[in-house]
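Numbering-wise, the sequence shown is residues 854 to 1139 according to the working numbering.
Using N, Cα and C, we set each Cβ at its ideal position, and we do this for glycine too.
Nothing here was measured: the structure is a model prediction, and the numbers come from that model.
Taking it in order: structure first as structure tokens, then the write-up.
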Amino acid sequence: MAALKQSEIDFFNEHGYLMVENAVDPKVLKNLTEDFAKWVDESREHSEAYGESHDGRPRFDLEGGHTESKPALRRVNGPVEISDAYYKAMTDSHMADCVAELIGPNIKFHHSKINSKLPGAKTEVKWHQDFPFTPHSNDDLITALLMVDEVTDENGPLEVLPGSHKGDIHSLWHDGVFTGAVASDVSEQCQSNAITCKGSAGSVCLMHTRLLHGSAPNLSKKPRTLFIAVYSAEDAIPQSPNPMPNKYEGLVVRGEKTSRVRSVPYDIELPQIPKGASFFDQQAEG
Ligand SMILES: O=C(O)CCC(=O)C(=O)O
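Right, here's the structure in full:
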């Protein structure tokens, strides 16, 4: 059976995002929640970023003000490498089926992370597009943002600018400095036309790699945990090193490996990303 209705595929193509409920099995969702709670608990023993990910950078990142009694774990890099539940959600879920229907049939995995905003978290994600950080030979890439907790207007929801995947790729450099975020006039425009992506736990926002998006701090008493998995069409070939190297990069998740290369020349010049820059450059503590 098809994972998506034609009207949903049309919506994604027109607006550059799509919300889907029940994107993972309830049992998997419970395991995702439990694994994350365990990591939050472990973080109490640390006062700075810790653990080791595939390229030696810390696996777990903490927000300023983190304490044992008020933990502020804000990111887990590559959770699919250390948790069966996160691996299952990435490979074996309705979420993966939906991605295959939008950019497949052959799709592969690129990288993953958890962006957490615990209650009162000050971290905001400034407006940006993902593609400059993960340029490929074509732009059939989807960032899947799975809501491990319910997302409301108050707990720092993802905000997107519908239709912006069809527009320009915006510079991330301002006054000679790489900020990882678009210029303030562009973000003001985004903010005034933004749509908030809210939903019950287990819902996913499937987002085109060129869509402008950002998110505000969590002012509420409820956590907002997002599991973020990036997939590409199997024939999209990375044009720069993975911002988050991991052992599953290139894993074919649906369909088959063809090793074909499909190049679609961009109509735009991509902003240069400094060596070692990552998505986290646009995270700021407000
Ligand atoms: O955590 C969020 O709200 C957005 C995540 C995001 O845009 C990113 O990590 O690139």
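The closest CA to that of arginine 897, considering only Asp908, Asp983, Asp888 and His919, is found on His919. Excluding the 5 residues flanking it on each side, proline 911 has same chain C-beta neighbours closer than 6 Å at Ala902, Tyr903 and Gly904, in chain order.
Per DSSP, leucine 1104 lies in no alpha helix (DSSP H) and is assigned neither H nor E. Distance from the CA atom of leucine 971 to the CA atom of proline 924, rounded to whole angstroms, is 8 Å. A Cβ-Cβ separation of about 26 Å leaves leucine 1059 out of contact with valine 893 under the 8 Å criterion.
Judged by the Cβ position, histidine 1066 qualifies as a neighbour of ligand 1 at the 8 Å threshold, a heavy atom of the ligand being closer than this.
Taken through DSSP and simplified to helix, strand or coil, aspartate 914 comes out as strand.
In the structure shown, lysine 975 adopts coil according to DSSP, grouped into three states. Histidine 989 places its beta carbon 9 Å or farther from that of tyrosine 870.
The beta-carbon distance between leucine 1025 and alanine 1047, rounded to whole angstroms, is 19 Å. This is too long to meet the 8 Å contact definition.
Cβ-Cβ separation between asparagine 959 and valine 1105: approximately 7 Å, consistent with a contact (criterion under 8 Å). Aspartate 937 sits exposed, since fewer than 16 C-beta atoms from the chains shown fall within 10 Å of its C-beta. Using a cutoff of 8 Å, the CB of glycine 1009 counts as near ligand 1, since one of the ligand's heavy atoms is closer than that. In the three-state DSSP reduction, glutamate 1041 falls in the helix class (H, G or I). Taking 8 Å as the cut-off, the C-beta of valine 978 counts as close to a heavy atom of ligand 1.
Apart from the 5 residues on each side of it in sequence, tyrosine 940 sits with its Cβ closer than 6 Å to the Cβ of Val933 in its chain, given in chain order.
With 16 or more other Cβ atoms from the protein chains shown falling within 10 Å of its own Cβ, threonine 987 counts as buried.
Counting only runs that start and end inside the segment 1021-1097, the alpha helix (DSSP H) elements of at least 4 residues fall at 1037-1045.
Beta bridge pairing from DSSP links alanine 942 with no other residue.
With at least 16 other beta carbons inside 10 angstroms of its own, alanine 942 counts as buried. It is roughly 13 Å from the alpha-carbon of glutamate 1012 to the alpha-carbon of leucine 1079. In this structure, histidine 981 has its CB closer than 8 Å to one or more heavy atoms of ligand 1.
Secondary structure of serine 965 (DSSP, three-state): strand. Relative to ligand 1, the beta carbon of asparagine 1095 is positioned no closer than 8 Å to any heavy atom. Per DSSP, alanine 902 is not a residue of any alpha helix (DSSP H), being assigned neither H nor E. For isoleucine 1126, the three-state secondary structure derived from DSSP is coil. Beyond the five residues adjoining it in sequence on each side, histidine 1027 comes within less than 7 Å, by CB distance, of Ala1036 in the same chain, given in chain order. For leucine 926, the secondary structure class from DSSP, reduced to helix, strand or coil, is strand. Judged by the Cβ position, asparagine 930 fails to qualify as a neighbour of ligand 1 at the 8 Å threshold, every heavy atom of the ligand being at least this far.
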